[in-house]
Amino acid sequence: MKPQIKSTALSIAASLCLGVCALGAQESAQAAYLDTQASINATTSTPYESPFITSVAEQDILEIEAVGIGVAPSESCSPAQAVALAKRAAIIDAYRHLGEQMYGIKLNANDTVQNMVLKNSSIKTKLNALIRGAKVRESACEQGICQVTMELKLDGKVWSQVLGI
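The sequence shown lines up with residues -31 to -1, 1 to 134 when you count with mature numbering (1 follows the signal peptide of the UniProt record, and there is no 0).
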């Protein structure tokens, strides 16, 4: 076989092979996309039923508990100040967890995909809550880390009206 015909035959064979491989990759990507869409439709078609919300109307007093964790800053004037700041951070963290349980959070997510590869992913959360009457039940501080357990007692009848159940 002449070298020119041989190289032409090899390039045609390589093109056919690459075309078949690309077609197979495209079909598998399309199948994965359809599987993802099917699972999304399956999860979004069923209504969300929260045991938290349904139990509100059944109880006179609803008790919510949250745990917050705070870390002492490395740059503080004294060890006492470091512990106080860590405890304050833990209380704020516990308030955030109480707010998430009461009102939920707003979640914004953004994914950037280029050439079928995830390039960037970011998730931002936002919480807007008014919490009154929460009390610190337990607090413990060791080695610059404070853990606070807070509780909040709510009137179940009022919250059932707020939530519309």
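Where is the CB? At the ideal position from N, CA and C, for every residue including glycine. Model, not experiment: these values are computed from the prediction.
Check whether residue i and residue j have beta carbons under 7 Å apart
i, j, result
"Tyr64", "Ile100", "yes"
"Ile33", "Gln83", "no"
"residue 146", "Thr81", "This structure cannot settle anything about residue 146, because the visible part of the chain is limited to -31 through 134."
"Met119", "Val105", "yes"
"Gly37", "Ala59", "yes"
First through last residue of the alpha helix (DSSP H) which encompasses residue i
i, result
"Leu67", "Pro48 to Tyr72"
First through last residue of the beta strand (DSSP E) which encompasses residue i
i, result
"Gly102", "Segment: none, Gly102 is in no beta strand (DSSP E) and carries neither H nor E."
"Gln112", "Careful: Gln112 lies outside any beta strand (DSSP E) and carries neither H nor E."
"Leu31", "Ile30 to Val40"
Reduced DSSP secondary structure (H/G/I, E/B, other) of residue i
i, result
"Ser91", "strand"
"Val127", "helix"
Presumed contact (8 Å Cβ cut-off) between residue i and residue j, rounded CB distance
i, j, result
"Leu67", "Ala103", "6 Å"
"Gly125", "Ala41", "Actually they are not in contact, since the Cβ atoms of Gly125 and Ala41 sit about 38 Å apart, beyond 8 Å."
"Leu96", "Leu31", "Their Cβ separation, rounded to whole angstroms, is 19 Å, which puts Leu96 and Leu31 out of contact at 8 Å."
Per DSSP, cross-strand counterpart(s) of residue i
i, result
"residue 155", "A question about residue 155 goes unanswered here, because the residues of the chain that appear run from -31 up to 134."
"Val117", "Gly37 and Ser108"
"Lys75", "Lys95"
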